[in-house]
Structure formats: structure tokens, C-alpha cells
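One point on numbering: in this note's numbering, the residue at position 17 of the sequence shown is 263, and numbering is uninterrupted.
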Amino acid sequence: MNKNSKIYIAGHRGMVGSAIERLLKSQGYTRIIGRSSKELDLRNQIAVRDFFKEQKPDIVIDAAAKVGGILANETYPYSFLMDNLQMQNNLISSSLEFETNKFIFLGSSCIYPKLAPQPLKEEYLLTGPLETTNEWYAIAKIVGVKAIEAVRKNYGKDYVALMPTNLYGSHDNFDLETSHVLPAMIRKFYEAKVSRNAYNEPVESVELWGSGMPLREFLHVDDLAAAVVFALENTLPDYLYNIGSGRELKISELASLIQDVVGHTGSIRYDSTKPDGTPRKLMDSSKLMSLGWKPKITLEEGLKSTYAWFLENQENYKQVKM
Ligand SMILES: NC(=O)c1ccc[n+]([C@@H]2O[C@H](COP(=O)([O-])OP(=O)(O)OC[C@H]3O[C@@H](n4cnc5c(N)ncnc54)[C@H](OP(=O)(O)O)[C@@H]3O)[C@@H](O)[C@H]2O)c1
Numbered sequence: 247m248n249k250n251s252k253i254y255i256a257g258h259r260g261m262v263g264s265a266i267e268r269l270l271k272s273q274g275y276t277r278i279i280g281r282s283s284k285e286l287d288l289r290n291q292i293a294v295r296d297f298f299k300e301q302k303p304d305i306v307i308d309a310a311a312k313v314g315g316i317l318a319n320e321t322y323p324y325s326f327l328m329d330n331l332q333m334q335n336n337l338i339s340s341s342l343e344f345e346t347n348k349f350i351f352l353g354s355s356c357i358y359p360k361l362a363p364q365p366l367k368e369e370y371l372l373t374g375p376l377e378t379t380n381e382w383y384a385i386a387k388i389v390g391v392k393a394i395e396a397v398r399k400n401y402g403k404d405y406v407a408l409m410p411t412n413l414y415g416s417h418d419n420f421d422l423e424t425s426h427v428l429p430a431m432i433r434k435f436y437e438a439k440v441s442r443n444a445y446n447e448p449v450e451s452v453e454l455w456g457s458g459m460p461l462r463e464f465l466h467v468d469d470l471a472a473a474v475v476f477a478l479e480n481t482l483p484d485y486l487y488n489i490g491s492g493r494e495l496k497i498s499e500l501a502s503l504i505q506d507v508v509g510h511t512g513s514i515r516y517d518s519t520k521p522d523g524t525p526r527k528l529m530d531s532s533k534l535m536s537l538g539w540k541p542k543i544t545l546e547e548g549l550k551s552t553y554a555w556f557l558e559n560q561e562n563y564k565q566v567k568m
């Protein structure tokens with residue numbers, strides 16, 4: 247791979263895009279471009295086409311999306327479906343028109359059916375109904391995967407779709423209205439640890455959504471960035487690859503790990519009236535691993551560094567506006 251290739255990272259300010267940019271820069275890539283959503287609204291087809299006409303990137307990494315947890319998905323179905331469709335359609339069609347050689351599309355494990363066998367293999371796509379809590383987002387991402395497959399079939403281009411498991415790390419979203427489970431827990435445990443009631447007594451109890459029983463897999467975003475760079479530097483033989491750590495644990499076990507990292511000693515109450523989401527979600531990432539990519543950051547190490555980032559960035563951590 248030529249280190250002078252012009253690489254456009256769509257969503258370069260996000261958790262995933264910024265991790266990819268950091269890694270590419272550290273590996274000597276010199277021509278990385280990005281635009282914020284204010285500078286270039288990727289839902290605007292004409293603006294995206296004009297940008298590609300002017301910049302003609304050699305490589306596009308699509309890490310731009312409307313992203314959020316269960317609450318955000320249920321509250322804003324239209325925007326989770328349509329914003330994501332519009333952004334990815336505009337990026338893929340302009341990349342084809344202006345002859346981008348390589349396109350890396352980032353989706354998510356929620357593209358797979360709710361009750362698919364576990365661990366989830368790439369071939370289970372479209373074999374059953376989706377989890378309803380995030381089907382809007384999932385359907386948009388499935389369309390993106392099929393568009394990548396169609397580009398390869400029609401034009402033989404090196405376009406590829408990567409489906410990461412649940413990600414976490416620096417630049418995560420810690421806004422309780424829109425965040426995913428892991429950063430939400432970090433914030434809740436931290437706030438419980440430091441808060442005081444009217445009598446200046448510690449208020450250490452924390453309430454978490456759901457039963458605590460669902461099984462989940464987590465991957466540090468820097469490991470995902472390494473997978474993206476691996477896909478960029480190699481011609482992968484297929485169009486779709488899962489990216490996970492291979493380690494699954496109960497939400498209640500994750501809560502205990504985060505309590506330890508944060509130093510929270512109070513009780514946890516699980517609110518079972520709130521949805522759990524899908525009962526189990528573990529990716530089978532052997533297809534990409536067999537080609538040479540492997541995750542390196544353990545959950546324990548990743549939680550410590552993410553908590554450190556949270557503490558350093560509390561004043562300005564992301565407040566996502568829908
Ligand atoms: N987070 C996870 O756990 C996870 C798991 C699996 C897959 N993924 C995938 O990874 C990708 C990135 O996720 P993330 O967690 O990094 O999300 P994020 O931190 O919310 O970042 C999303 C990025 O998308 C950009 N964006 C959103 N709407 C836009 C618009 N209308 N026009 C231009 N840019 C727009 C934002 O730009 P501005 O900052 O400039 O507004 C932001 O940089 C997504 O495709 C997601 O599906 C994430």
C-alpha cells in the first residue's frame with residue numbers, strides 16, 4: 247500500500263474514525279482527509295458528489311453514521327434508517343463515479359438475525375428476523391453490505407464491508423440518552439461514586455437497564471482500527487468480515503469489571519422493565535483472523551484506559567444531538 251495514497255475517512259471525528267486516523271498517521275500515511283458533518287453533510291448527495299469531484303480520494307473509509315443505543319434507536323427510527331442510508335449511498339456511488347480504488351464500509355453485528363446460531367457467522371446474514379429494538383439501523387447497514395457485494399460483482403472493485411462487534415475506547419459517547427451500554431456504565435458508576443445526597447452522604451447505588459443476563463462481546467476501538475488498516479493493506483478475498491474479540495460475558499459481569507476499574511463499591515439494581523435487547527451476541531471472527539488480523543487489547547486493559555480517557559475528558563465528552 248502506497249503511504250501517499252489519498253485516504254478520506256468519513257466520520258474522522260467519531261470514536262471509530264479518530265482511532266483509524268491516529269493509527270494511519272502513526273504508520274506513516276501522509277494524505278488523510280476528513281470533513282466534519284458541519285463542513286460536509288453526507289446526507290446531501292450534491293455536496294458529496296462535489297467533494298469527490300474535487301478531492302478524488304484513492305481510498306474511502308466509511309466510519310460516518312448515526313449511531314446509538316436502544317433508547318436512541320427507538321426514539322429516532324426515521325433518522326437511524328434514512329440518515330444512514332443516505333450517507334452510505336452517497337459515499338458508495340460517488341466513490342464509484344470518481345474511481346476510488348478501495349472502499350471500506352463499517353457496519354455492525356446488529357445486521358444478523360436476532361435468533362441466528364451463535365457465534366454469528368457472515369453467512370447468517372438475511373436468514374431470519376432482526377432484533378426489533380435496532381432494526382432501523384440494521385436495515386440501513388444491511389443495504390450497505392449488499393451494495394458492497396453488488397459493487398464487487400458488477401465492477402470487480404476492492405470494496406469490503408467490516409462488521410465490528412460492540413466497540414468501546416477513547417472518544418466514546420458518554421451521554422446517557424444516546425450511549426451504548428459500556429460507556430453508560432462507566433459514567434453511571436463514576437457519578438454514583440462521587441455524588442452526595444442532601445445530607446452529604448455518599449449515593450452509591452446504581453440502576454442499570456434490563457436484567458443483566460444478556461451475553462455481549464466487546465472490542466477496543468484501537469483493535470478495530472488495526473483491522474481496518476489490515477483490510478486497507480491487503481486485498482481481502484470476500485466482501486464481508488466480522489470483527490470481534492471472541493470473548494463474551496454477561497452484562498452483570500461487565501458491570502462488576504467496571505465497578506472495579508471505577509472503584510465503585512455500592513449496590514446495583516437491574517431494572518427489568520427496560521429492554522434487554524438480543525439475548526446473546528457473539529461474532530465468529532475466524533474468517534478475518536485466519537487471514538492474519540488478531541485483537542491485542544484485553545477487556546481489563548481497555549476498560550482502564552477508557553476510564554482514564556473519560557476522567558480526562560469529562561468536561562467536554564460528546565453530547566450527541568439527534
Ligand atoms: N460504536 C460502536 O460500538 C460500533 C460498533 C459497531 C460498529 N460501529 C460502526 O462504526 C462506525 C462509526 O461509529 P462511531 O462509534 O465512531 O460513531 P460516532 O462516534 O458517533 O461517530 C460518527 C461520525 O459520523 C459522522 N456523521 C454523522 N452524521 C453525519 C452527517 N450527516 N454528515 C457527515 N458526517 C456525519 C460524525 O461527524 P461529526 O462528528 O463531524 O458530526 C461522526 O464523526 C459506524 O458505521 C458504526 O456503525 C460502531
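Ideal Cβ positions, reconstructed from N, Cα and C, are used throughout, including at glycine.
Here the distance from the Cβ of residue 540 to the nearest heavy atom of ligand 1 is not below 7 angstroms. Distance from the CA atom of residue 295 to the CA atom of residue 348, rounded to whole angstroms, is 17 angstroms. Three or more Cβ pairs drawn from the region 339-347 and the region 296-312 lie within less than 8 angstroms of each other, which places the two stretches in contact.
Here DSSP, grouped into helix, strand and coil, assigns residue 284 to coil. Distance from the C-beta of residue 419 to the nearest heavy atom of ligand 1 is below 7 angstroms.
No Cβ-Cβ contact shorter than 8 angstroms links residue 555 with residue 472.
For residue 554, the shortest separation between its Cβ and any heavy atom of ligand 1 does not lie below 7 angstroms. Rounded to the nearest whole angstrom, the CA to CA distance from residue 496 to residue 374 is 24 angstroms. Here the C-alpha atom of residue 412 lies approximately 13 angstroms from the C-alpha atom of residue 548.
In this structure, DSSP gives residue 247 a state outside helix and strand, which the three-state scheme calls coil. Between residue 410 and residue 316, the CB-CB gap reaches or exceeds 8 angstroms. Closest option to residue 552, judged by alpha-carbon separation, among 261, 365, 345 and 485: 261. Assigned with DSSP and collapsed to three states, residue 448 falls in strand. Of 354, 359 and 384, the smallest CA-CA separation from residue 324 is found for 384. For the pair residue 330 and residue 437, the Cα-to-Cα distance works out to about 32 angstroms. Pairwise C-beta distances place the region 391-399 in contact with the region 351-364, as three or more of them are shorter than 8 angstroms.
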